[in-house]
Each structure stands twice: as structure tokens, then as C-alpha cells.
Amino acid sequence: MLSLIEQPPLIYRILFPEAIWRIKYKGRKVAFVTFDDGPVPEVTPWVLDTLDRFGVKATFFMVGDNVRRHPRLFDEIKRRGHSYGNHTMHHIQGLHTSRRKFLRDVSEAGALIDSVLFRAPHGLLTWKQAKAVQQHYNLVMYDVVTRDYSRKLTPDRVLDNVRRFTRNGSIIVFHDSLKAWRNLREVLPQALQWLIDQGYELLPIRP
Numbered sequence: 003m004l005s006l007i008e009q010p011p012l013i014y015r016i017l018f019p020e021a022i023w024r025i026k027y028k029g030r031k032v033a034f035v036t037f038d039d040g041p042v043p044e045v046t047p048w049v050l051d052t053l054d055r056f057g058v059k060a061t062f063f064m065v066g067d068n069v070r071r072h073p074r075l076f077d078e079i080k081r082r083g084h085s086y087g088n089h090t091m092h093h094i095q096g097l098h099t100s101r102r103k104f105l106r107d108v109s110e111a112g113a114l115i116d117s118v119l120f121r122a123p124h125g126l127l128t129w130k131q132a133k134a135v136q137q138h139y140n141l142v143m144y145d146v147v148t149r150d151y152s153r154k155l156t157p158d159r160v161l162d163n164v165r166r167f168t169r170n171g172s173i174i175v176f177h178d179s180l181k182a183w184r185n186l187r188e189v190l191p192q193a194l195q196w197l198i199d200q201g202y203e204l205l206p207i208r209p
């Protein structure tokens, strides 16, 4: 049975029909590697170097406050040719936040992150928040959550999530965060190699 965490259920996709969950190209086997919650100096530079080693361009959904504190890392992400998007200013969850406060937080991050791509923290927001966000942004969700952040999962289990749930067009979520570092440093190189060996063309999400 599919996990409701690793792969979002059909009903959730139906609630947000205009959001981007998968991106399929005719005649091409593709996947999209994304990272949430950075940039942070303890993890993001290693992620960038690892992506370079495999020749992969990814998409970083960044917390505005991290961009404010680490502007050179933001510049480095752009310099290396990766795509990027808004992940709110303070990583607030929409379901626990008023519409006005949530949109203000998105706007504050938007002043620092010049992108029309947006992903809500945890992928959770209300229908009204989504409608308002989509007036200015492309709402990017996900097809696979690796759960690299979980202290309950071993690196092998995280890698297994990538292997089990990735399909053509999948948007895969990793995290360039301290919380995920224990798993990420082992899993990311193996996951990238596995995806490449399976014939996936790994692409950034472009506006």
C-alpha cells in the first residue's frame, strides 16, 4: 500500500488541480530532483558539489530567512545553473496560519527570491491560500517525498523510498537541511546514481 507521506494521495491532488505534481515529457523518461528548506552552509555546498559530480541540475525551494542570512549561497545556487523557488520566509505551515499572515510571509520571501516557483512548507496549505498564491506563482508540489529528514528512517529506507515511488515525471523532494544531513550524505549520491542507471533524465523545474 502506498504511503500517504512518501506519495500524496489522489484526493489531495484533486483538491489542488492547478498545482504541479508531476511533469511528463512525451518520449522522454524524466525526473526532477528538488531540495527544500535551505540554503544552509553546513549542507548546501556539499549538495551543490554532489550535483556537479553527477552532472545534475536541481531545483531549490528556499526559506527566505536562510537566503537573507546566507546570500552568497543563494548566489552560488544561481551561478551553478540550478533552478530555485520560494518556500516562505519563515517556513510556516499554511494549515496553521491565517491566509493574510501566510501570504505576507510568502511576499516577504519573494522580495529576496526572484522566482515564480513556490512550494508550501510540508506541501500543506488551504484551498484559499493556494488560489491566492497562484495569482503570482506556479504552485509546485511533489510526487515523491524521500523522508530524508526522518530520524526514524535509516539511509537504506530513505533510498528505498526513491526506488519504490519514483516514476516517469516524478518531482522528488530531498532537504538541504541539518535535520536531513545524517541521511542525505549517504543517500543522495546513491539515489542520483540509481536514477541515472534507470535511464532518468534529471532536469530542473523551469518557470
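Take 3 as the starting number for the sequence shown in our numbering and just add one per residue.
Backbone N, C-alpha and C define an ideal beta-carbon position, used for all residues, glycine too.
Quick check on the burial criterion: 16 or more other C-beta atoms within 10 angstroms. Buried or exposed for H89?
By the 10 Å Cβ count, H89 comes out buried.
Below 8 Å between beta carbons: does that hold for L126 and Q95?
Result yes, Cβ atoms of L126 and Q95 sit closer than 8 Å.
Note the first and the last residue of the continuous alpha helix (DSSP H) segment covering I174.
I174 -> not in any alpha helix (DSSP H); beta strand (DSSP E) instead, spanning 172 to 177.
Is it the case that the Cβ atoms of S117 and Y86 are separated by a distance below 8 Å?
Yes, they are a contact pair.
Which word fits Q129, buried or exposed, when buried means at least 16 other C-beta atoms lie within 10 angstroms of its C-beta?
Contrary to the premise, residue 129 reads as Trp rather than Gln in this sequence. With fewer than 16 Cβ atoms within 10 Å of its Cβ, W129 is classed as exposed.
On the DSSP bridge list, what partners appear for A33?
According to DSSP, A33 bridges with S172, L204.
Looking only at DSSP bridge pairs, what is L141 linked to?
Among the bridge pairs identified by DSSP, L141 is matched with F120.
Pick helix, strand or coil for V164, following the three-state DSSP scheme.
Three-state DSSP puts V164 in a helix.
In whole angstroms, what separates the C-alpha of M64 from that of F120?
Each residue's alpha carbon lies about 9 Å from the other.
Looking only at its own chain, which residues have a Cβ that is under 8 Å from the Cβ of Y151, when we skip the five neighbours before and after it?
Around Y151: H177, S179, K181, A182, N185.
G66: first and last residue of the uninterrupted alpha helix (DSSP H) it sits in:
Bounds of the alpha helix (DSSP H) holding G66 are 66 to 71.
Residues that T61 bridges to, as DSSP identifies them
Answer is T36, S85, bridged to T61.
Identified DSSP bridge partners for V146
DSSP lists I174 as the bridge partner or partners of V146.
Measure from the alpha carbon of F2 to the alpha carbon of each residue in P209, W196, R208, I207, then state which is nearest.
Outside the displayed span of the chain (3 to 209) sits residue 2, for which this structure offers no information.
Going by C-alpha distance, which of L97, T61, H93, R70 is nearest K80?
Taking only the C-alpha atoms, the option nearest K80 is T61.
Please return the same chain residues whose Cβ sits closer than 7 Å to the Cβ of P191, not counting the five positions on each side in sequence.
Annotation for P191: T52 place their beta carbon closer than 7 Å to its own, counting only its chain and skipping 5 residues before and after.
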